[in-house]
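**Student:** Once you've had a glance at the structure underneath, I'll fire off some questions.
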Amino acid sequence: MPNETIQKTPITDDDWILGSPAAPVTLLEYGDYECPHCAMARPVLEGLVAKMPDTVRLVFRHFPITTTHPHALMAAEAAEAAGAQGRFWKMHDMIFARQPQLSYETLRACAVALRLDLARFDLEMEAHTYLPEVRHDFRRGVQDGVNGTPTIFINRRRYDGPRDRESMLAVIAAVLSAAPGRARGVA
Amino acid sequence: MATIINPGAQAPEFTLLNGNAKPVKLSDYRGKNVVLTFYPADWSPVCTSELALIQETLGEIRDFNAEVLGVSVDNHWSHRAWAEHLHVTFPLLADFWPHGEVSRLYGVFRETDGISDRALYFIDAAGVIRDSWVAENPGVAPGLNVIFEALERIQGARGKETSRA
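These protein sequence lines are chains A and B, in that order.
Numbered according to this note's numbering, the first sequence spans residues 528 to 714.
Numbered according to this note's numbering, the second sequence spans residues 38 to 202.
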């Protein structure tokens, strides 16, 4: 079996997308809110979108590793609950910033800080309203070939290289120079 | 690098100690599909995430009438401590003495540094090797798709439902 891994699942309207829908470079991240490597990747990935908003967009899907990260699933559900109230990315950032002390109280404090409708937040967390969304992301990750957290796909190809800003900028430049508009004789 | 065993061959029999120092034979798993996972070392970062991912999807893997066996050259004491640390519940087998003998038998022993390659063998219920995967770069773990696509080829996509009974 070949080692190269291609993202099989399409990006859809129900995905969380940061940046322009028309951006030629899509970074798809499968991440876990309790994973330190994901927390380290967050400013790099979001920074790329901020630096090149017309060129790069970031898609985030949940991939909680519950056996080693007991709060990861709850945190993913909380991000979805905030997303249902229009605050996904803000919640996403706040959860990562509070990663060492994740608990329901911390997540609820984030909801308070974001001025979410708390009654709705509590109700939906208790009912696990967004668990199916999180599970759906996880299943897509299995299909796509997640091999750790975070797993990043750049324009559908799994990127297993270093996740520092310089390396990511270099790979994005390479992807852009090979983009269809400029490609010569490449299918 | 040694040669990988081709699909269609009978998987070589072995007996290794698990983390509780109990001998485990491959043939104990006849009737089950086996995902035989060779990895370089306990406690290393990539192996950690690889085995944690397998543990996370163990229920789905078992839906394909399959069990997972991990193999590295670490001893059974290390395996036990590491399994507890990672909350891994499938057996980790110690290919410790004679050092790397089973890894060598499966063509995944690295003579240069004395550890196993990162590799997967998919063995069916009759003990026949049906598929394999070897990392081109041992620092990169296999995607979970590799495991599930291989199991689907062995068991059929419908295997999931039928084996759930």
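Note that beta-carbon positions come from the ideal geometry of N, C-alpha and C, so glycine has one too.
1) Rounded C-beta distance between V571 (chain A) and D691 (chain A)? I'm assuming under 8 Å.
2) Rounded to the nearest angstrom, what separates G574 (chain A) and D65 (chain B) at their Cα positions?
3) Leaving out the 5 sequence neighbours to the left and right, which residues in its chain are closer than 7 Å to A760 (chain A) when beta-carbon positions are compared?
4) Which residues of the segment 169–193 of chain B have a Cβ closer than 9 Å to any Cβ of chain A? Give them in chain order.
5) Do you know whose CA, among A:M567, A:G610, A:A705 and A:M695, lies nearest Q626 (chain A)'s CA?
6) Taking only beta-carbon atoms, is T536 (chain A) less than 8 Å away from chain B?
7) Answer with buried or exposed for P179 (chain B), where buried requires no fewer than 16 other C-beta atoms within 10 angstroms of its C-beta.
8) Please name the residues in the segment 656–671 of chain A whose beta-carbon is closer than 8 Å to at least one beta-carbon of chain B, in chain order.
9) So who's on the other strand from V171 (chain B), going by DSSP bridges?
10) List, from N- to C-terminal side, the alpha helix (DSSP H) runs of 4 residues or more that fit wholly inside the segment 592–658 of chain A.
11) Could you name the residues of chain B that I681 (chain A) contacts, counting a contact when the two beta carbons are closer than 7 Å?
12) Can you find a C-beta in chain A that's less than 8 Å from the C-beta of T74 (chain B)?
13) Taking T595 (chain A) as the reference, which of B:I91, B:P44, B:G176 and B:E138 has the closest Cα?
14) Report the option in A:I622, A:P551 and A:R683 whose CA atom is closest to the CA atom of P537 (chain A).
15) Should the segment 127–138 of chain B be regarded as contacting the segment 106–116 of chain B, the criterion being three or more beta carbon pairs within less than 8 Å?
16) For V183 (chain B), which residues in the same chain have their Cβ closer than 8 Å to its Cβ, ignoring the five residues on either side in sequence?
17) Throw me the rounded Cβ distance for the G546 (chain A) and V583 (chain A) pair, which I believe falls under 8 Å.
18) For A638 (chain A), which option in A:A654, A:R614, A:Y557 and A:A550 has the closest C-alpha, if you only look at C-alpha atoms?
19) When the cut-off is 8 Å and only beta carbons count, does I592 (chain A) lie next to chain B?
20) Measure the alpha-carbon distance for W616 (chain A) versus D542 (chain A) and round it to whole angstroms.
21) Check the C-beta distance from V673 (chain A) over to Y557 (chain A) and give it rounded, since I have them as a contact under 8 Å.
22) Can the beta-carbon of R167 (chain B) be found closer than 8 Å to that of I191 (chain B)?
23) Shorter than 8 Å from the beta carbon of H206 (chain B) to some beta carbon of chain A?
24) Just by C-beta distance, which residues in the segment 81–111 of chain B are closer than 8 Å to chain C?
25) By Cβ distance, which residues of its chain are closer than 8 Å to G137 (chain B), with the 5 residues on each side in sequence left out?
26) Within 8 Å of any Cβ in chain A, is that where the Cβ of L129 (chain B) sits?
27) If you run the structure through DSSP and keep just helix, strand and coil, what is Y66 (chain B)?
28) Here's a check: name, in chain order, each residue in its chain whose Cβ is nearer than 7 Å to the Cβ of Y686 (chain A), leaving out the five neighbours to either side.
29) Determine the contact status of D79 (chain B) and S115 (chain B), defining contact as a CB-CB distance below 8 Å.
30) Contact criterion: CB-CB distance below 8 Å. Does D687 (chain A) meet it with respect to chain B?
31) If you run the structure through DSSP and keep just helix, strand and coil, what is F185 (chain B)?
32) In chain order, what residues of the same chain have a beta carbon less than 8 Å from the beta carbon of N57 (chain B), not counting five sequence neighbours either side?
33) What is the rounded straight-line gap between the Cα of D664 (chain A) and the Cα of L123 (chain B)?
34) Under the assumption that F51 (chain B) contacts L142 (chain B) (Cβ atoms under 8 Å), give the Cβ distance between them as a whole number of angstroms.
35) Hey, which unbroken runs of the beta strand (DSSP E) at 3 residues or more fall wholly within the segment 49–119 of chain B?
36) With distances taken from CA atoms, which of B:L95, B:K69, B:A187 and B:V83 is nearest T593 (chain A)?
**Tutor:** Quick answer:
1) About 7 Å separates the two Cβ atoms, so the contact holds.
2) Going from the Cα of G574 (chain A) to the Cα of D65 (chain B) covers about 52 Å.
3) With chain A represented from 528 up to 714, any question about residue 760 (chain A) goes unanswered, as that position is not in the structure.
4) Of all residues in the segment 169–193 of chain B, S169, W170, V171, A172, E173, N174, G176, V177, A178, P179, G180, L181, N182, V183, I184, F185, E186 and A187 have a Cβ within less than 9 Å of some Cβ in chain A.
5) Cα-wise, what sits closest to Q626 (chain A) is A:M567.
6) Not an interface residue.
7) Around the Cβ of P179 (chain B), a 10 Å sphere holds 16 or more other Cβ atoms; the residue is buried.
8) Correct list: G668, V669, Q670 and D671.
9) B:A156.
10) Counting whole runs of 4 or more residues, the segment 592–658 of chain A contains the alpha helix (DSSP H) stretches 599–611, 615–624, 631–640 and 645–653.
11) Under the 7 Å cutoff, chain B gives no residues; its nearest Cβ is about 15 Å from I681 (chain A).
12) Residue contact check for T74 (chain B) against chain A: no CB pair falls below 8 Å.
13) For the residues B:I91, B:P44, B:G176 and B:E138, the minimum Cα distance to T595 (chain A) belongs to B:I91.
14) Nearest option by C-alpha distance: A:R683.
15) With a cut-off of 8 Å, the segment 106–116 of chain B and the segment 127–138 of chain B count as touching, because enough Cβ pairs lie within range.
16) By the criterion of a C-beta distance shorter than 8 Å, V183 (chain B) is surrounded in its chain by L157 and W170, once the five residues flanking it on both sides are discounted.
17) Going by Cβ atoms, the distance from G546 (chain A) to V583 (chain A) rounds to 6 Å, so yes, they are a contact pair.
18) Nearest option by C-alpha distance: A:R614.
19) When Cβ-Cβ separations below 8 Å define contact, I592 (chain A) makes contact with chain B.
20) The alpha-carbon atoms of W616 (chain A) and D542 (chain A) are separated by roughly 12 Å.
21) Indeed, because the Cβ distance is near 5 Å, the residues count as touching under 8 Å.
22) Contact: yes.
23) Look at the range of chain B in this structure, 38 to 202, and you will see that residue 206 (chain B) is not part of it.
24) The structure shown contains no chain C; the protein chains it does contain are A and B.
25) Contacts found: V110, F146, G151, I152 and S153.
26) No, no contact with chain A.
27) Y66 (chain B) falls in the helix class under three-state DSSP.
28) Residues of the same chain with a CB within less than 7 Å of the CB of Y686 (chain A), apart from the 5 flanking positions on each side, are I679, F680 and V698 in chain order.
29) Their beta carbons are under 8 Å apart, which means D79 (chain B) touches S115 (chain B) by this criterion.
30) Yes, because at least one Cβ of chain B sits closer than 8 Å to the Cβ of D687 (chain A).
31) For F185 (chain B), the secondary structure class from DSSP, reduced to helix, strand or coil, is helix.
32) Shown here for N57 (chain B): same chain residues with a beta carbon closer than 8 Å to its own, the five before and five after excluded, namely H113 and R117 in chain order.
33) Cα atoms of D664 (chain A) and L123 (chain B): separation of roughly 23 Å, rounded to the nearest angstrom.
34) Rounded, the Cβ-Cβ distance is 7 Å, consistent with contact.
35) Segments of the beta strand (DSSP E) lying fully in the segment 49–119 of chain B: 52–54, 60–62, 70–75 and 103–109.
36) Of B:L95, B:K69, B:A187 and B:V83, the residue nearest in Cα terms is B:L95.
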